[in-house]
Structure formats: structure tokens, C-alpha cells
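From first to last, the protein sequence lines stand for chains Y and V. With our numbering applied, the first sequence corresponds to residues 2 to 554, in that order. With our numbering applied, the second sequence corresponds to residues 721 to 1048, in that order. Beta carbons: idealized from backbone N, C-alpha and C, even for Gly. All of these numbers come straight from a predicted model, not from anything done at the bench.
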Amino acid sequence: MNQLKRLARDPLLLVLIIVILAALGVFVVYPLVKVILTSFQTRSGELTLENYQLFLNRRLYQNALKNSLLVGAVVALISVALGYVLAFVTTRLRTPGGGALHMVTMLPIISPPFVSAVSILFLFGFNGLITRGLLNLTDFSIYGFGGVVLSQVFTFTPIAYLSLRGVLQSINPTLEDAALNVGASKWQAFRRVTLPLSLPGIASALLIVFIESLADFGNPLVLAGATFPMLAPQAYLEITGSFNLPRGAALAAVLLIPSLTAFAIQRYWISRRQYVTVTGKPTASTSKLVSGPVKVLLVGISWLFGLLVAAFYLVILIGAFTRVWGFDYTLTLQHFRYVFDVGFESVKDTLVVAAFVTPLSGLLGMMIAFLVVRRRFPGRRLMEFTSILNFAVPGTVVGIGYILAFNGPPIILTGTLAILVAAFVFRYMSVGIQNGIAVLNQVDPSIEEAAQNLGADSVTTFRKVTLPLIAPAFFSALVYAFVRAMTAISAAIFLVSANWNLMTVQILNQVGSGRLGVAAAFSVVLILIVVVFMGVLNLVMSRWTRHSGSVRF
Amino acid sequence: MRRFAAALLSLALLGGALAQSVTVYTSVDEENAANLFAAFTRDTGIEVNFVFLSSGPALSRIEAEANRPQADVWFGAPSENHVLAAERGLTQPFDNPNADALADNFKDANGAWYGIYTNPLAIGVRTDTLESRGVPVPTSWADLTDEAYRGLLQMPSPQSSGTGYAVVMTLIELMGEEAAFEYLEALHPTVQTYTQSGTAPSGALAVGETAMALQFTPGFLKLADEGFPVQVVFPSEGVGYEVAAASIIKGANNQEEAEALIEWITSAAGQQELVTNKTYFLPVRADVSAGEGIPTLDSIELVSYDPAVAAERRQELVDRWLEQVLGQ
């Protein structure tokens, strides 16, 4: 009641809260409800369970479910193990080229989808440079389990790496030193001190990668092959190929269960068990935990991954500038001519979409973070939960939900710019919100109060105190939103139209019709745009705030 | 640029009053359409204004404009779309003096539409790859299930591609439904991956990602012509095919010119332009050769199926394929 009374005294705040809650209801909750409702209907709209019975009596869907879960689990294990090694090497070991390793490891995050799938075909395919050219294998097939896992490990290891890097940085190395001083062996110190302290972070990274792997449909679409059906691409094919929305919705809903479970565990169980042992700035963090040979091994593994990433990008570059990969390596600009003649509209459209999505998701994200942390109102927890919900929902589900929800009255948005912008904003602002909440929680409100006591009004306080403090979170939200707006495909594929098409979808189409050179050229253009944007933003940011170091990739 | 185009257009419309012209919705891709229409203008002096619309949007546009037609001819798109347009009363039949030169499956009995080119299904084979493996080039559907070809074929998925579905329909026509699905099951180990689009297999063939590919012929013929070691095989039992057609829209403003265009494209001279302009589409007239090294239609065993039945049974047959073949 108290909360309500206070709100009534601040009508602007009240309106803001109502508008945001309404928007979350329309663009997050409503599409999800639509997916679930539709999955219980026949094509003509009657209630039925038949879409779910498919899982009971159709081997295809049982296999798809099994395969997707298996791939998700294996990819999560490998990516997190690799990510941990990489994070350990870049944060704890002083090795030459550590900075370069960090940069290379991060590269897949800004890459368009299919880069890894296409590179894998070029390197390990039937006519692959390595499998055919180097090893002269004639019966090797990359299609199926192995190909999908390889491709997803490449795509998702950077995500595991990033979150584990934060975890390792927050463990004070003096604890390890203390263990060593009291006579523990290096292995004991790692097993008894470092590992237990990083366990919550590891579990959290495992679940995040698992969710991402389940939702990913680009890599399986190209690499799953004839005998390894998977859930996310099958949902996509049901809708685009067979025009069977209810069945696609049911496949999507099944995808939702493990994802949401993993999300709930990660958020409400593990995050409470995160340990922070840093008091003040970390001291010198070179670890004494590893002996010479172990160090060589860890650094070796890390650089192997780094080289793989570099090789994948080199392959794309070569593919973009030569006539036909594996057949005719004559240098040419024909693929780029195609991009700028035929595909230029989609380059323009993508930039327009990103230009809307980036500031909108940044601002909305900061606003929600501010409200959640600094204001007390009914529905606060609801706002926090729904605003990050779409992040846990597989993109395929979001896309299907949006066409179901916005293809008829009362809200018709299909075929417009708005539907793409809304899908991206409400899906990718969550990172900004989480960062914003973390930062604001660390800033004591008394700092703001002090400013007000010294005579600053609330606008000045916000501008001079709060804003600079949350600026790093804001900028990293901008970077994230922009990168995802440029590279995301799983939701967007359902929402593009003749008027608004995206580069990622163009890349999918080119891969789909076998014009791999053009796909590579599109990828190169896209990566360039992202790199230029990040450079410009970093420049602006370092002018604007001295906290730039914390946002830089 | 846009203003320039508008100026050009109004000039063309002005000119239309003086010179003869015809307005066309083309479902043939822009590049090939432009070449063919230029040849038509050269031969007849009739100007062509055209807009590219793929078959679905073209049909709905023609339907929407039925009261006040904005175009004279619908050029291209598979014949089943023209069947539909005729059923809905959107097009009008006419007597084409070239009708006798077209086989029955390349024209409507009432003259509502006429075939303008055709593309049979075929297997494209990388001869260099098969040679290095010491495997002979297959000649029939039956050959393909041989252990020697395991994992060497890419074909479009019937679930997402009309081409893939045409393969299923062809086999049903050839073998009957039960045997066709048994065959598709037996073919499954030969398939490396089912592609999403109908033209992806030829792309994979170019980069050597697959040794054999199954789709409509233009992609293969183009590769062979560009010097790739690709051989086009028509399975001896028979293959299905698509027929692209043209029809005159009811209430056309330029009836005479519209008839002239369809007469021209179905004439020997017009069909020859398909070859001259390297469209890689096969002529519908038996008396026009598709070009050197490419067999004429009468040398291919063709299989036809009823497009109406194909459309009606699509979900059911795709479901059966998903469960019996993909889910095995």
C-alpha cells in the first residue's frame, strides 16, 4: 500500500512503469502464450493434442529431441572446458601474446551465423582442404553429430570463456598462495581452492551454452546432414517448408522446457551461490599453480583453439575473394559485386534495423535497471523477470511467437520494420539490464543523496553522478545490441519480408542455394561493419567516460 | 536515379502510344527475361515493359487487378499456376498458330496457356570425383541405391523444396506409391544431406562438396558449360519435369502484341533465343536443339504427373517421407 501511495505522488514514474509493463506484456509474454496455445490446435483451430503425440509415435521427432539434447550436453561440456582453460591462460598465466589470444577467442562472437558451418565445409567437407587436400580422405563425412558439435563449440566457446573469465578474475590468487604455503601440492590447491570457488560459474556457463546450443538452428541446418535430425531446424522447416504453424509451435514449445529449466536453475539457484573473494582491487594475479609442462599444455590447447578460429576466418576471406572454392582460386571481386548489386538493399535494411535497435535497447535496458534497483513498486519482480525472459527463450520460439501474435488483429506488424526492431530490442536488452542492475547495486544511493544535499537538482544528479556511473554498462549494452542486431538469425528468419530483409538471412539464402562465395562476401562485409562500429563506439566512449576499460572487447 | 527511371517510364508510355508495346509480368528471372524480350523487340519492333514477380505474388497481383488489368501477359511460372489462373477466369485462351509444334503436355487443350520452356530433373555428376573413386557414372534410379554411391548425393528436401517434392512425385508415377517410398528408403544412405533449397545441390557440386546432385537441369548445364567436369544424367526409367508457361491476361489492353509475344516465344526462332542467350532452359519444341552436348527432349524419358493431385496430396506425402525416410 505504501508503495502505491508513493507512486500516486509521482505520476510520471507511474506512467513509465505502466508503459514498460504493458510493452513487456505485449512483446514478451503474449507471443510466448500464443506459441503454447497454437501448439494445442489443429491447422483449422480446433483443440488437439496431436502435435505433441508426434513425439510419442514418430521416430523422427523422438530422434530430433534426443539428438538436440545430446548435442547440447556435449557442446556445453567441451565449450566450458575449453573456455575455462582459455580464461585461466589469459587471466592467470603471463604468456606472450595473451592479448592476441583474447582478441582471437572473442572473434566468433561478432561473426555472422554460418561462418563456422561454411568454413567447416571448406576445411573438413567432402572436398575439404584438410580432409581431402591434406589427408586425402575420400570417405570422410563431416555431416551429423561431429560436424554440428565442432561448429557449435567454435560458436559458443567464446560465450563460456567470457563468463568464466569474470569468475576467475574474481578469485583472489592469494588464497591459492595461502594453500601452497601451508603445504598443499599444486594439484591439491587447484582442486580444493580454485575449482570449488569457480564451480558456480562453471555450472552457470554450462547451462548458458546448453540453452544456446538447443536454440541454434543455423549450424545444424547446414551440417546435420541426412541422418541426424535436430529439433530447432525441424521446427523451422515445418513452418517455412510445410506451412504447418501448429506443429512448428509444438516443436518450439518442447524446446522451451529444457531451456527455461536451465535458465531457472542458473538464475535462482546457482547465482545465489556465487562467491566473491575480492576485497578491493585484485593483487598481482599470476598463478603459481601450474608447473612448466602443465603451462605448456594449457597454452598449447588455447592456441590450438585460437588457430582454429583464425583458420576459419582466413577461409572465409579466401572464399570471398576467389571464384570457386576448391576448384578455381582465381582472385575476383564478383562476389562483392553481387553483394552490392543484388544484395545491397539488405545491407541497408540491416543497418536501419540496427540503428533503431541499438539506442532503444540501451535506453530501455538502463531505464528498467534503474527502476528495478532504485524504485519500489508493485510488479517490480515481474518486470525484472519478464524483461530478461526472452533471453532464455530460444530465438526460434520468439520468431514463431511473433508471427503468431502479430499476423492478425488486434496488432498487425508482420512485414514491417517494427516487428524486427521489437523482436531484437526485447530479446537483447536483457544484457544491458543485467549489467545495469549489477552496476547500480554497487553504487550506494548515498552518493546521489550527497549530490542533492550539496544543492544539485535531480536532473543534475542524474547527469553528473548516476549517468557517468552506469555509462560503462550502457555502452556495453549498446555494443551487445548492435552486434546481435547485425548477426542474429534464429528469430529474424521468421520476421523478414520483401520490404525488410537482413544480411544474415541473405547469408542463409546464399548458403542454401549453394553460392558459398557470395555468402562469404556477405560475411566479410558484415564483420567489417561490426568492427568499424565497435571502434567508433569505443572512441566515443573513451571521450565520454574514463571507465572505458571495462567495456572494451 | 529514381527520377530518371520515372522519366524513362513516362517516355516509354508516351512512346507506347506511337510504337507498339506490351506489358508483361515475368516470373522468369530478371536477367534472362531482359535478354529474351530484347530479342523479341529486335525481331518484331514491339517494345516490352516488364516487371519481375515470382509466381505466388504474380498470381495474387493479377487477381487483385482483375477489374482493371495492368499487364497483358504473364510470362513464366510453372504451368500449374496458369491452370489455376485459367480456372479463376483471370486469363483468356487464344489460338496460337504454333500450337501444333508443341506436345500436349506443353499446352492447354483450350489454348489458355502455352509452355515456353521446360526443365527436367536430372542427376549432375562430378566425373573427376567418380573417376578417382573408380565408380562408374550412374545411369538409372536403380543404380543410385548401390553401396558404391553411399553418401555421395545431395538432393533437395521434399519438406522445404518443390524440386524435392517433384522427385517424390516422379518416383510415385514410375513405381507406384509403396515401391516409391521403399526406393526412397533405400536411397537414404546414398544421400549426404537433404538441402533446403532446390538449387543448392548444383552449388555443392561446383565446389566439390558432393559428387552427385539431383535437381532441375539449368544449374548443371551452366556448370558443364563453364568448364566444370560435370556430366548431366537423365535416369533411364524416366524423370519428371517442370513446364514454365505464358498466358494472356483477360482484358489485356494490347491483345495483338500479347499474342505476338506468345507466338514468338513458341516459334522456332523464339525457342532458339533460349539457347542463344544461355538461359539453360530446354526448348519446348522438338525441332529446336538445346545446344551442343545437351540432349533434346525426345531423347529423355519423361514422366508426367497431375499437378492438381500433387498440390492436393502434398502434406500427406511429405509427412510420409518425413517419417518413413528421414525418421528411419
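Express the C-alpha separation of residue j and residue i in angstroms, rounding to a whole number.
| i | j | result |
| --- | --- | --- |
| Asp1007 of chain V | Thr999 of chain V | 18 Å |
| Ser880 of chain V | Asn64 of chain Y | 19 Å |
| Ala180 of chain Y | Val295 of chain Y | 19 Å |
| Glu962 of chain V | Ala829 of chain V | 18 Å |
| Ser730 of chain V | Ala778 of chain V | Low confidence applies here, because Ser730 of chain V scores a pLDDT of 49, under 50, leaving its location unreliable and the question unanswered by this model. |
| Val1029 of chain V | Ala321 of chain Y | 44 Å |
| Tyr837 of chain V | Ser1009 of chain V | 12 Å |
| Ser1024 of chain V | Gln912 of chain V | 27 Å |
| Ala965 of chain V | Ala931 of chain V | 33 Å |
| Phe534 of chain Y | Ala118 of chain Y | 25 Å |
| Glu1012 of chain V | Ala406 of chain Y | 55 Å |
| Leu165 of chain Y | Gly84 of chain Y | 7 Å |
| Ile143 of chain Y | Leu130 of chain Y | 13 Å |
| Glu47 of chain Y | Phe41 of chain Y | 8 Å |
| Pro97 of chain Y | Gly366 of chain Y | 38 Å |
| Val300 of chain Y | Thr91 of chain Y | 9 Å |
| Leu804 of chain V | Glu1032 of chain V | 13 Å |
| Glu1021 of chain V | Phe157 of chain Y | 50 Å |
Does the beta carbon of residue i sit closer than 8 Å to a beta carbon anywhere in chain V?
| i | result |
| --- | --- |
| Tyr144 of chain Y | yes |
| Ala227 of chain Y | yes |
| Leu334 of chain Y | no |
| Pro197 of chain Y | no |
| Phe115 of chain Y | no |
| Trp326 of chain Y | yes |
| Gly281 of chain Y | Since pLDDT at Gly281 of chain Y reaches only 45, below the 50 mark, its modelled position is unreliable, and no value is offered. |
| Asn1 of chain Y | What is shown of chain Y runs 2 to 554, which leaves residue 1 of chain Y out entirely. |
| Leu122 of chain Y | yes |
| Gly249 of chain Y | no |
| Thr467 of chain Y | no |
| Tyr330 of chain Y | no |
| Asn128 of chain Y | yes |
| Pro221 of chain Y | no |
| Thr284 of chain Y | Low confidence applies to Thr284 of chain Y: its pLDDT is 49, below 50, so where it sits in the model is not reliable, and the reading given next is rough at best. Output row for Thr284 of chain Y: interface = no. |
| Asn182 of chain Y | no |
| Pro201 of chain Y | no |
Any chance the CB of residue i is under 7 Å from a heavy atom of the ligand SAM?
| i | result |
| --- | --- |
| Pro856 of chain V | Absence of the ligand SAM from the depicted structure is noted, as is the absence of any ligand whatsoever, leaving it without description. |
Taking the DSSP output, what are the residues bridged to residue i?
| i | result |
| --- | --- |
| Asn830 of chain V | Asn830 of chain V pairs with nothing; no bridge assigned. |
| Pro12 of chain Y | BP columns for Pro12 of chain Y are empty, so no partner. |
| Glu962 of chain V | V:Asn839 |
| Asn974 of chain V | Asn974 of chain V pairs with nothing; no bridge assigned. |
| Asn769 of chain V | V:Thr743 |
| Leu48 of chain Y | Y:Gln42 |
| Phe1001 of chain V | Beta-bridge pairing links Phe1001 of chain V to no other residue. |
| Arg846 of chain V | V:Val950 |
| Ile968 of chain V | V:Val793, V:Gln812 |
| Asn68 of chain Y | Looking at the DSSP assignment, Asn68 of chain Y forms no beta bridge with any residue, so it has no partner. |
Hey, would you say residue i sits closer than 8 Å to residue j, going by beta carbons?
| i | j | result |
| --- | --- | --- |
| Gln874 of chain V | Pro921 of chain V | yes |
| Ser524 of chain Y | Ile317 of chain Y | yes |
| Trp326 of chain Y | Val927 of chain V | yes |
| Val888 of chain V | Leu1017 of chain V | no |
| Ser152 of chain Y | Leu224 of chain Y | yes |
| Thr359 of chain Y | Ala482 of chain Y | yes |
| Val952 of chain V | Ala842 of chain V | yes |
| Trp833 of chain V | Ala806 of chain V | yes |
| Thr415 of chain Y | Ile404 of chain Y | yes |
Can a CB atom of chain Y be found closer than 8 Å to the CB of residue i?
| i | result |
| --- | --- |
| Glu1032 of chain V | no |
| Glu929 of chain V | yes |
| Gln951 of chain V | no |
| Ser799 of chain V | no |
| Ala906 of chain V | no |
| Gly923 of chain V | yes |
| Arg722 of chain V | With a pLDDT of only 46 at Arg722 of chain V, under the threshold of 50, the placement of this residue in the model should not be trusted, and no figure is reported. |
Ranges of the alpha helix (DSSP H) found wholly within the segment 156 to 226 of chain Y, counting only runs of at least 4:
174 to 182, 187 to 190, 196 to 216, 219 to 224
Closer than 7 Å between beta carbons: that is the criterion. Which residues of the segment 336 to 349 of chain Y meet it against chain C?
Chain labels in this structure do not include chain C; the protein chains are Y and V.
Quick check for students: name the residue ranges of the beta strand (DSSP E) that lie wholly in the segment 302 to 387 of chain Y, counting only runs of 3 or more.
323 to 325, 329 to 332
Can you list the alpha helix (DSSP H) stretches of 4 or more residues lying completely in the segment 99 to 127 of chain Y, in chain order?
99 to 107, 116 to 125
Continuous alpha helix (DSSP H) assignments of at least 4 residues falling wholly in the segment 786 to 833 of chain V:
799 to 807
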